[in-house]
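Some notes on the structure that comes next.
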Amino acid sequence: MISKEEVLNLAELARLKLSDAEVESLQKDISNILDYVGQVSAVGVSDVEQLKPILRNVMREDKPYGAGSVMMLGSREALLEALPKKEKAPMGGFFNVVRKIIQKDE
Amino acid sequence: MSELNKLSITEASKKMQAGEITAVDVSRVCLAEIEKRNKILNAYLEVFSDVLEQANVADEKRAQNKKEGKESHALLGIPFAIKDNILIEGRNVSAASKILENYVASYDATVIKKLKEAGAVFLGRTNMDEFAMGGSTENSAFGPAKNPLDEMRVPGGSSGGSAAAVASYMALGALGTDTGGSIREPASFCGLVGLKPTYGAVSRSGLIAMGSSLDQAGPLAHTVEDAELIFNAIRGRDSFDSTSISEDLYPKHAATKKIGVPRHLLKEGIDQDVLEQFEKSLEALKKSGYEIIDVELPSAPLALAVYYVIMPAEVSANLARFDGVRYGLSLKGDSLFDDYAKTRGEGFGAEARRRIMLGTYVLSSGYYDAYYGKATAARAMLAAEVSDVLKEVDCIATPTTPSPAAKIGEKSDPLAMYLMDIFTVTANLTGNPALSLPMGAVPREGKQLPIGIQLTAAHGDEAGLFKIGKEIEKIAVQ
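So this is what it looks like as structure tokens:
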């Protein structure tokens with residue numbers, strides 16, 4: 001079974017706040033699922049090297065989509081409308097209000 | 107007049123074109139059925155308030171087309187149920203999650219744009235497992251949906267609301283999405299036809315992503331012909347989705363009149379009567395001129411394990427965008443880290459949290475090679491095997507699920523729930539198109555529960571699936 005510390009570390013990496021009860025149940029669930037999916041380890045090393053998935057890159061021309069362009073999804077206003085916390089900007093429109101993360105040097 | 111909701115899309119379309127009925131008539135009957143049954147079934151999370159106006163617009167468009175001698179699209183005026191992870195501009199879309207509960211879509215998904223151009227009517231958005239994670243619709247943040255054929259049971263999932271809506275005649279057709287069986291499994295549990303198209307055949311622009319190397323949108327309907335009609339309306343290359351493909355990307359499959367059955371996968375873990383129904387369907391196909399041959403897919407026993415490594419890995423990446431900064435639920439904690447952790451901890455449901463954790467685990471350094479690396483290799487092997495088999499046969503047939511719909515609350519262990527996907531995940535891993543359609547019913551506690559047969563074809567060969575699907579429909583195994 002994976003340890004409580006491992007679960008807490010994963011939760012930190014995934015930015016998830018979990019209750020103590022959930023940490024405990026996840027220890028069990030994740031261990032059970034890992035036991036099952038561990039079957040994939042049966043795939044031989046040489047297979048792994050031979051069988052890189054076939055992928056291709058799909059690029060578009062590196063041109064910005066202008067406002068009102070048929071290539072633009074959603075208006076600026078509609079996207080701003082979805083902001084959880086906004087403040088009126090002095091020049092019109094809105095600011096997205098986010099937590100201050102840069103502290104002044106003491 | 108009262109049975110208009112029980113018409114197939116094809117029939118309703120013909121009657122509308124003949125002027126016998128109107129789009130408003132059909133939508134009205136669907137709304138009446140919703141009024142009667144949705145409270146218990148919980149198939150729709152929201153029924154739109156402008157349905158009759160949309161239907162009226164469709165009727166006017168038809169009149170205009172007639173005046174100008176123009177042909178009307180077969181989906182003009184047809185009322186649809188839309189899964190709650192598909193964006194319709196200006197309407198709420200939540201993926202059945204608290205984290206997006208009040209989110210309003212800022213643009214139309216490409217599939218919606220195409221249905222709008224055809225003139226389809228949108229009845230409402232349907233219940234689902236949160237972020238499409240589950241096979242029962244029990245993982246919805248807004249309560250489980252129920253199976254219209256037995257309200258004690260699940261409708262399947264994750265597109266369970268869409269399936270329940272069509273099966274209970276609260277819509278003529280529906281859109282769902284399928285990452286590991288989420289269209290085909292509910293289609294099977296509700297006695298419907300469901301298609302997971304070839305990877306890339308249908309644009310995913312405007313779909314809320316779950317596993318991006320696996321996700322596809324597709325139709326749920328009562329008949330193969332209806333599913334085909336919807337698929338043809340939504341397919342096509344789209345500049346907003348770089349993974350979408352043109353119709354001629356794959357070489358045309360040369361028909362062999364052979365159907366492959368991987369019998370080595372059917373030896374255990376399947377209900378006996380499901381297997382009997384499956385054999386009956388194969389017998390019937392033999393009579394209509396198909397040769398049934400045994401095929402081997404040596405890597406297929408690994409498919410489910412491969413899927414439950416790759417999918418959570420992609421989930422953990424895709425769901426990282428829900429951080430409470432740009433949209434959706436936004437909770438405040440003591441620090442920036444706390445803001446994120448609180449928003450995500452409370453906004454996501456238990457199954458979403460579980461899969462994010464699992465995905466984070468298999469991608470973390472030290473485990474990456476053992477899980478994700480191996481799974482990717484096994485996936486490539488499986489794809490090669492399926493492609494090889496499909497050179498010899500027109501399709502691979504299996505039951506869609508090993509058993510019919512479970513009771514609500516019956517499968518509380520996550521792994522037991524995952525095992526329901528054993529036959530469906532392969533097509534997502536390999537990108538092949540797969541169709542589920544009814545193959546009769548099996549009795550459980552005094553009720554007849556439908557089950558499905560799944561056909562998987564070569565990349566790009568949806569036409570082949572529809573052709574064999576129609577044969578099976580004609581035979582109608584009871």
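Quick mapping for you: the protein sequence lines, in order, are chains D and B. In terms of the numbering used here, the first sequence has 82 at position 82, counting the first letter as 1, and numbering is strictly consecutive. All you need for the numbering used here is the position in the second sequence, starting with 1, plus 106. Here a beta-carbon is modelled for each residue, glycine too, at the ideal position from N, C-alpha and C.
Beta carbon proximity, Arg343 (chain B) to chain D, threshold 7 Å:
no
For a cutoff of 7 Å on Cβ pairs, would you count Lys88 (chain D) as touching chain B?
no
What residues in its chain sit with their C-beta under 8 Å from that of Glu159 (chain B), if we drop five residues either side in the sequence?
none
Below-7 Å beta-carbon distance, Lys104 (chain D) vs any chain B residue:
no
So what does DSSP say about Met523 (chain B), is it helix, strand or coil?
helix
Nearest neighbour of Ile188 (chain B), chosen from B:Lys219, B:Thr128, B:Arg143 [CA to CA]:
B:Lys219
Can you find a C-beta in chain B that's less than 7 Å from the C-beta of Asp29 (chain D)?
yes
Neighbour-count burial assignment, Glu334 (chain B), 16 or more Cβ in a 10 Å radius:
buried
Secondary structure of Thr283 (chain B), DSSP reduced to three states:
strand
Where Gly116 (chain D) meets chain B, residues with beta-carbon distance less than 7 Å
Because chain D in this structure spans residues 1 to 106, residue 116 (chain D) falls outside the shown range and cannot be described.
Per DSSP, Leu541 (chain B) is paired with what?
B:Leu301, B:Leu561
Sequence-distant residues of the same chain with beta carbon closer than 8 Å to Gly86 (chain B), five excluded per side
With chain B covering only 107 through 584, there is no way to say anything about residue 86 (chain B).
Rounded separation between Asp347 (chain B) and Leu151 (chain B) - CA only
27 Å
Between the alpha carbons of Glu382 (chain B) and Pro508 (chain B), how many angstroms are there, rounded?
12 Å
Would you report the Cα separation of Ala390 (chain B) and Asn538 (chain B), rounded to the nearest angstrom?
25 Å
When the Cα atoms are used, what is the spatial distance from Ala118 (chain B) to Leu435 (chain B)?
41 Å
Any beta-carbon of chain D closer than 7 Å to the one on Arg450 (chain B)?
yes
Is the distance from the Cβ of Asp354 (chain B) to the Cβ of Thr216 (chain B) below 7 Å?
no
By alpha-carbon positions, which one of B:Ile140, B:Val210, B:Ser212 ends up nearest to Pro185 (chain B)?
B:Ile140
Cα-Cα separation between Arg341 (chain B) and Ile351 (chain B), rounded to whole angstroms:
9 Å
Would you decide whether Ser394 (chain B) is buried or exposed? Buried here means 16 or more other CB atoms lie within 10 Å of its CB.
exposed
Give me the Cα-Cα distance between Leu113 (chain B) and Leu278 (chain B), rounded to the nearest whole angstrom.
7 Å
List, in chain order, every chain D residue whose beta-carbon is nearer than 8 Å to that of Thr92 (chain B).
There is no way to answer for residue 92 (chain B), as the model of chain B reaches only from 107 to 584.
Return no unless some Cβ of chain B is closer than 7 Å to the Cβ of Val97 (chain D).
no
The segment 551–559 of chain B / the segment 306–317 of chain B touching (three or more Cβ pairs under 8 Å):
no
Hey, could you find the ends of the alpha helix (DSSP H) Leu391 (chain B) is sitting in?
378–393
In whole angstroms, what separates the C-alpha of Ala129 (chain B) from that of Gly297 (chain B)?
25 Å
Pair within 7 Å by beta-carbon distance, Ile416 (chain B) and Ala481 (chain B):
yes
Hey, does Lys497 (chain B) have any beta-carbon neighbour from chain D nearer than 7 Å?
no
With a cut-off of 7 Å, does the C-beta of Ala582 (chain B) fall near any C-beta of chain D?
no
Is the distance from the Cβ of Leu181 (chain B) to the Cβ of Ala226 (chain B) below 7 Å?
yes
Going along chain B in order, which residues have a C-beta closer than 8 Å to the C-beta of Glu81 (chain D)?
Val210, Ser212
Is there a Cβ from chain D that is less than 7 Å from the Cβ of Val412 (chain B)?
yes
Locate the beta strand (DSSP E) running through Lys120 (chain B), then write down its first and last residues.
Run containing Lys120 (chain B): none in the beta strand (DSSP E); it sits in the alpha helix (DSSP H), 115–123.
With a floor of 4 residues, list each alpha helix (DSSP H) that falls wholly inside the segment 111–181 of chain B, ordered by position along the chain.
115–123, 129–147, 157–174
Should Glu77 (chain D) be labelled buried (16 or more other beta-carbon atoms within 10 Å of its own) or exposed?
exposed
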